[in-house]
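Down below is the structure, laid out as structure tokens.
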Amino acid sequence: MRYTDLAKSGELTVRAQKAVSGLGGCLLCPQACGVDRLKGEKGFCRAGAKARVSSFGPHFGEEAPLVGRGGSGTVFFSYCNLRCVFCQNYDISHLGHGDEMDAGELARIMLSLQARGCQEDGSRTGSDPGGKLGVIVCG
Ligand code: SF4
């Protein structure tokens with residue numbers, strides 16, 4: 021089913037609310053911390069209740085079918101539930117460099133990338149995206 025159909029039926033709101041409620045006792049990834057991110061508790065990934073974005077823009081460093089002519093519409097989300105010691109994005113994945121954003125700000129970023137001709141959403145979480153789901157859909 022398409023997003024627009026889900027929005028019209030109200031199902032998108034229901035799913036978004038479910039994703040956000042998952043932050044209060046977070047089991048959104050296999051680390052299974054159980055912390056209440058809605059109350060400011062931090063688990064292994066250190067992510068909070070809002071999405072934190074390090075940078076965004078058209079990205080041309082992927083394979084040609086993903087990049088196309090307009091680039092991959094990339095949003096780099098901070099923090100990571102793997103935290104590998106050799107991570108090339110240490111400042112983002114471990115230190116959480118970036119700015120907190122709510123759902124409206126994230127939506128504006130994604131629409132701006134679309135308007136710039138990016139042909140796909142290449143959002144980067146640096147980790148299992150499940151842990152970011154709640155904050156991405158409703159942050
Ligand atoms: S998303 Fe973060 S807080 Fe939630 S279980 Fe995974 S590592 Fe823990």
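Per the numbering used here, the very first residue in the sequence shown carries number 21; after that it's consecutive.
Ideal placement from N, C-alpha and C gives every residue a C-beta, glycine not left out.
The three-state secondary structure of Met-130, taken from DSSP, is helix. Here Val-73 carries a strand assignment [DSSP, helix/strand/coil]. In this structure, DSSP gives Pro-85 a helical state, which the three-state scheme calls helix. A distance of 8 Å or more separates the beta carbons of Arg-72 and Ser-113. Excluding the 5 residues flanking it on each side, Gly-44 has same chain C-beta neighbours closer than 6 Å at Asp-56 and Leu-58, in chain order. Counting C-beta pairs closer than 8 Å gives three or more between the region 117 to 130 and the region 85 to 99, which meets the contact rule. The Cβ neighbour count for Cys-104, taken over all protein chains shown within 10 Å, is under 16; the residue is labelled exposed.
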